[in-house]
């Protein structure tokens with residue numbers, strides 16, 4: 001059941017006649033404006049607190065309790081800042097680039113399965129669609145860098161485009177291996193298949209524990225996703241100590257805010273996709289949340305999907321939060337890679353390794369008919 | 001005039017306008033960038049016709065790949081803003097002839113095709129069908145495509161090699177060895 | 001399915017119109033005092049020197065071309081590997097057929113990658129000794 005269907009069930013309950021188009025816009029507004037943007041903004045605060053923790057200092061603690069309203073204050077500041085564009089900047093492209101980057105990041109939130117019942121739209125080509133939108137981000141970075149009339153931006157942007165574009169290949173190969181063992185591209189299907197194995201059920205537990213090749217592929221996916229988001233250790237395009245601020249040097253105030261938002265939105269997006277396709281999405285070990293039946297109902301609408309959804313969203317967001325924390329942890333721990341090390345890592349290490357992992361995952365699927373290690377163990381132990 | 005009709009009409013207009021800018025804009029970089037509009041419009045039309053996989057593949061391959069290559073090529077050309085190509089009527093004659101021929105061919109194919117099931121209310125997902133086609137009847141074409149890709153890869157790599165002679169490199173090595 | 005696409009499109013459209021809308025609304029709240037110093041390009045406090053459009057090494061272009069080839073490969077492998085599981089359920093020889101075709105596809109491009117590796121085309125930095133070695137392997141490959 002997608003979010004639209006859920007809302008249309010609500011619609012029937014309330015007895016109004018609002019057409020489906022409004023519901024689709026509503027779901028977009030809810031997910032983007034009420035989830036992705038606030039959480040992205042919150043990540044800026046979280047990043048500063050986490051950085052402070054690692055560096056043994058306190059971090060923002062003035063604005064609001066524990067400094068929690070800091071990102072709000074930052075947002076207001078950026079909104080009110082003067083928008084000075086350099087004389088020779090290419091106006092049209094300068095204005096167009098942030099749209100591309102944000103469309104690429106936020107657009108893919110449409111297919112994230114927050115719970116079994118809540119997904120923006122359950123496209124049959126779920127992960128493929130998310131990857132397609134990710135390729136818009138590289139275009140936005142390149143165009144933004146070119147349009148600001150600044151050599152350092154241009155160098156940062158070129159490197160950024162080359163990096164994002166190179167690391168899309170190991171990313172794609174890791175996702176391909178997931179599709180090989182699952183046989184579906186729909187995000188809902190991919191998560192639904194990662195249930196705890198039970199006799200007669202289809203679940204094969206989380207994909208990361210499916211077979212040793214998938215385990216390695218998870219780390220390849222994670223590394224490639226870090227490079228896609230321009231996060232340290234791959235943050236050469238915005239290398240603070242080399243290129244002033246890389247490709248977003250000439251963007252100030254709210255424009256920079258939009259780029260920073262898109263970077264965190266990208267991190268959250270890749271963490272969401274990684275949790276969904278590798279870490280089992282809303283599934284917890286040993287228990288199937290979908291079998292939880294509360295027995296409440298309001299009129300004709302059964303409320304137990306709602307309660308299940310709340311728990312599932314909690315589990316999913318917990319996994320996403322862990323991954324985002326690891327991303328931030330890596331930022332303040334690892335030094336930056338040089339450009340040639342970065343390219344070597346992609347072309348000479350990650351791509352051959354993910355090729356062989358893909359072949360390995362396919363051979364495993366063929367040999368054991370898609371059963372995971374856990375299922376095989378269960379069969380050996382006679383559980384089923 | 002349903003919402004889908006409006007969307008398809010918008011895609012047609014966007015594609016045509018963007019293609020017009022690509023062909024006729026004096027600034028070649030703007031031309032390359034307006035290609036984005038044209039390619040995205042084509043992806044939209046694929047989506048409206050129910051070819052879901054093809055629409056996403058169009059975005060990945062064309063917008064995320066080919067457009068990046070074109071933009072890199074344009075951005076790396078020397079003095080791209082100062083270059084002027086053929087001036088005058090000669091600039092338009094040959095491309096007009098070529099475009100006319102291609103248009104005639106495409107019009108013939110388009111008007112002769114069977115568009116009866118385009119207005120189906122519900123389309124089926126196409127990715128699986130494409131997969132079975134690629135390993136079934138079109139398996140040879142599939143393998144042929146990869147050979148063409150390989151030849152493109154190797155060709156590009158050979159063309160982009162710097163032209164150095166062995167003697168030059170030997171001298172460089174002995175010089176750096178002496179330092 | 002068109003409904004699903006419509007939903008997805010609304011996400012993309014909303015995200016794409018967000019920057020212009022935000023910036024437009026902000027125009028009424030932002031100050032605007034343009035000054036020569038603020039309008040020049042930032043170059044760490046110095047006056048910008050030379051044109052901003054620097055000449056790039058052609059290795060960026062090479063990376064883009066190689067990426068394009070592998071991108072097409074991945075996009076074409078998606079539908080084929082999608083039905084791998086289904087093919088296994090159907091029977092042995094169909095599964096083997098899918099497996100062989102998909103990995104022949106992958107293998108051919110892997111051979112291309114190995115060729116580039118050996119002839120030094122995917123190296124980012126090339127020092128003279130490496131280049132000499134690569135030139136040798138390039139000439140051997142051309143024979």
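Residue numbers (the working numbering), protein chains in the order written: chain A, 1 to 384; chain B, 1 to 179; chain C, 1 to 143. All C-beta atoms, glycine included, are put in the ideal place defined by N, C-alpha and C. Quick caveat, the model's predicted, so the values are computed rather than measured.
Original post:
Which residue from A:123, A:187, A:106 and A:101 puts its Cα closest to that of residue 3 (chain C)?
Top reply: For the options A:123, A:187, A:106 and A:101, the alpha carbon positioned closest to that of residue 3 (chain C) is the one of A:123.
Original post:
Which residues bound the alpha helix (DSSP H) around residue 348 (chain A)?
Top reply: Careful: residue 348 (chain A) lies outside any alpha helix (DSSP H) and carries neither H nor E.
**OP:** Could you tell me the distance, in whole angstroms, from the CA atom of residue 140 (chain B) to the CA atom of residue 131 (chain A)?
**Re:** Approximately 28 Å between the Cα atoms of the pair.
**OP:** Would you kindly work out how many angstroms separate the C-alpha atoms of residue 25 (chain C) and residue 137 (chain A), rounded to a whole number?
**Re:** 24 Å
Original post:
The alpha helix (DSSP H) spanning residue 95 (chain A) covers which residue range?
Top reply: 91-107
Original post:
In terms of alpha-carbon separation, which member of A:180, A:288, A:75 and A:379 lies closest to residue 360 (chain A)?
Top reply: Of the candidates A:180, A:288, A:75 and A:379, the one whose C-alpha sits nearest the C-alpha of residue 360 (chain A) is A:180.
Original post:
Are at least three pairs of beta-carbons, each pair with one atom in the region 191-203 of chain A and one in the region 334-352 of chain A, less than 8 Å apart?
Top reply: Contact between the region 191-203 of chain A and the region 334-352 of chain A is absent, because fewer than three Cβ pairs lie under 8 Å.
Subject >> Contacting positions in the region 45-65 of chain B - beta carbon closer than 7 Å to chain A >> reply: 52, 53, 56, 59, 60, 63 and 64
**OP:** Quick one: measure Cβ to Cβ for residue 162 (chain A) and residue 141 (chain A), integer angstroms, because I've assumed they're closer than 8 Å.
**Re:** 10 Å between Cβ atoms; not a contact.
Subject >> Pick from B:65, B:118 and B:71 that is closest to residue 69 (chain C), judged by C-alpha positions >> reply: B:65
Subject >> Reference residue 112 (chain C), options B:46, B:115, B:146 and B:11, closest by Cα >> reply: B:146
Subject >> Inter-residue Cα distance where the pair is residue 56 (chain C) and residue 154 (chain B) >> reply: 22 Å
Original post:
If the cut is a Cβ gap below 9 Å, which residues of chain B does residue 122 (chain A) touch?
Top reply: Proximity of chain B to residue 122 (chain A) at the Cβ level (cut-off 9 Å) is not reached, the minimal Cβ distance being about 11 Å.
Subject >> Presumed contact (8 Å Cβ cut-off) between residue 282 (chain A) and residue 191 (chain A), rounded CB distance >> reply: 6 Å
**OP:** Take the Cβ of residue 319 (chain A) as the centre, count every other Cβ of all protein chains shown within 10 Å, and call the residue buried at 16 or more, exposed below.
**Re:** Burial call: buried.
Original post:
alpha helix (DSSP H) containing residue 86 (chain C): first to last residue?
Top reply: It spans 84-90 - the alpha helix (DSSP H) in which residue 86 (chain C) sits, taken as one unbroken run.
**OP:** Using a Cβ cut-off of 8 Å (strictly closer), state whether residue 130 (chain B) contacts chain A.
**Re:** no
**OP:** Name the one or two DSSP bridge partners that residue 113 (chain A) has.
**Re:** A:119
Original post:
If you measure from the beta carbon of residue 75 (chain B) to each beta carbon in chain E, is any gap under 8 Å?
Top reply: In the displayed structure, chain E is absent; the protein chains listed are A, B and C.
Original post:
How is residue 270 (chain A) classed by DSSP in three states: helix, strand or coil?
Top reply: helix
**OP:** Please list, in chain order, all residues of the same chain as residue 51 (chain A) whose beta carbon is under 8 Å from its beta carbon, the five residues on each side excluded.
**Re:** 59, 328, 331 and 332
**OP:** With a 10 Å radius around its C-beta and 16 neighbouring C-beta atoms as the bar for buried, classify residue 350 (chain A) as buried or exposed.
**Re:** Residue environment for residue 350 (chain A): buried (at least 16 other C-beta atoms within 10 angstroms of its C-beta).
**OP:** Give a yes or no on whether the C-beta atoms belonging to residue 354 (chain A) and residue 217 (chain A) are separated by under 8 Å.
**Re:** yes
Subject >> Cβ-Cβ separation, residue 129 (chain A) to residue 16 (chain C) (assumed contact under 8 Å), whole Å >> reply: Between residue 129 (chain A) and residue 16 (chain C) the Cβ distance is about 16 Å, and since that is not below 8 Å, they are no contact.
Original post:
DSSP on residue 17 (chain A), reduced to helix/strand/coil?
Top reply: Because the pLDDT of residue 17 (chain A) is 45, which lies under 50, any placement of that residue in the model is unreliable, and the number read from its coordinates should be weighed accordingly. The answer is coil: DSSP assigns residue 17 (chain A) none of H, G, I, E or B.
**OP:** Kindly list, in the order they appear in chain C, the residues whose Cβ is closer than 9 Å to that of residue 196 (chain A).
**Re:** The contacting residues do not exist; residue 196 (chain A) stays about 20 Å from chain C at best.
Subject >> Distance between beta carbons of residue 84 (chain A) and residue 186 (chain A), contact taken as under 8 Å >> reply: Contact doesn't hold; Cβ gap of about 46 Å is too wide.
Subject >> Top-ranked residue by Cα proximity to residue 63 (chain B), from B:47, B:41 and B:109 >> reply: B:41
**OP:** Return the CA-CA distance between residue 72 (chain B) and residue 97 (chain A), expressed in angstroms with no decimal places.
**Re:** 16 Å
Subject >> Cβ-based neighbour list, residue 15 (chain A), same chain, cut-off 7 Å, excluding 5 preceding and 5 following >> reply: Its pLDDT being 48, under 50, residue 15 (chain A) is placed unreliably in this model, and the coordinates cannot settle the point.
Original post:
residue 171 (chain C) by DSSP, collapsed to three states: which one?
Top reply: The displayed coordinates of chain C run from 1 to 143. Any statement about residue 171 (chain C) would go beyond what the structure contains.
Original post:
Between the Cα of residue 104 (chain C) and the Cα atoms of C:40, C:124, C:21 and C:81, which residue gives the shortest distance?
Top reply: Distances from the CA of residue 104 (chain C) to each of C:40, C:124, C:21 and C:81 were compared; the closest alpha carbon is that of C:81.
**OP:** With DSSP as the reference, please indicate the residues paired to residue 287 (chain A) in a beta bridge.
**Re:** For residue 287 (chain A), which the question treats as bridged, DSSP gives the partners A:284.
Subject >> Neighbour list for residue 125 (chain B) in chain A, Cβ cutoff strictly below 8 Å >> reply: The answer, in chain order, is 124 and 125.
Original post:
Do you know how far the Cα of residue 66 (chain C) is from the Cα of residue 339 (chain A)?
Top reply: 17 Å
Original post:
What residues in the region 307-339 of chain A have a beta carbon less than 7 Å from any beta carbon of chain B?
Top reply: none
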